[in-house]
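To start, the structure itself, in structure tokens.
In the UniProt record's numbering, the protein residues as written are 1 to 299.
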């Protein structure tokens, strides 16, 4: 049991030193010292292979990486240099060097639509228990080639899966109204959380975009009916307020006319003018109101 514990400590110690370039240099120096005679013997035979099979051996020993690529070299499974090789040409030892080429260009992938009722393991509900479908796009790049090779098996696939879980977790804390109206906030929050989670893998998340937020057909019909009912209710309220305002104005006008009989006479003349303007073939003979009042008074 004691010997097993010592072996675990020896394996875990180099992994904890992969952080900064200075720590990586210590790891590289320690690894070259741990290889001992075996390393030098294998390196000697590799040089012999290069010499004996020259120039054919150049196919194995000469590597070229493009300007947007970097190469991480593992010699007998150990990290050789604290800095990735490239761009340009460099030499490796055949048979004992393993070259991992890393692409530094920005990579784009679509986050699969996160929705409910697709599979029990993909169950997503918003904060107010509403189902929705969200499509997102993630833009990221490799910022540290060595971390992307040493710290994670597949940086692209790991970031892809992490983006799914991050989006699902964020949507679960928002209600439907927030998802529809606060896309920029959700996008910024997801970008920040995803960047922090992938930083140990040497991945830099540049931005996250939300392409579409859609609802199931039954939910769309229910929301459309609710919106229609809300519009009708608002229209009735506006109409009622208008009628109340008109009634108030009519009451005020009646009070004014009742207090001033002359205003009633002016209103009468205005009505006659309007009738004459609309139909010129009709002749209207005004009848004095005082005469009518005297007539009805006698009755």
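Glycine included, every Cβ here is placed at the ideal spot set by N, Cα and C.
Every unbroken beta strand (DSSP E) within the segment 50 to 82, with a cutoff of 3 residues, ordered by chain = 62 to 65, 69 to 75
By how many angstroms is the C-alpha of residue 46 removed from the C-alpha of residue 72?
-> 19 Å
Any idea which residues DSSP pairs residue 133 with across the strands?
-> 214
Residue 138 to residue 149, Cα distance in whole Å?
-> 21 Å
Buried or exposed: residue 176, going by 16 or more other Cβ atoms within 10 Å of its Cβ?
-> buried
CB-CB length for residue 257 against residue 267, believed under 8 Å = 7 Å
Among 112, 145, 80, 58, the one whose alpha carbon lies nearest that of residue 70 = 145
Residues near residue 162 in its chain [Cβ-Cβ closer than 8 Å; skip 5 each side] = 194, 197, 198
Would you tell me roughly how many angstroms separate the C-alpha atoms of residue 300 and residue 65, rounded to the nearest one?
-> Absent from the model: residue 300. The displayed extent of the chain is 1 to 299, so no value can be given.
Below 7 Å CB to CB, which residues in the same chain sit around residue 209 once its five sequence neighbours on both sides are set aside?
-> 136, 137, 187
Keeping to the same chain, check which residues put their C-beta closer than 8 Å to that of residue 179; ignore five residues upstream and five downstream.
-> 126, 132, 134, 171, 186, 213
Between residue 112 and residue 147, is the Cβ-Cβ spacing less than 9 Å?
-> no
Boundaries (first-last residue) of the beta strand (DSSP E) holding residue 99 = 97 to 103
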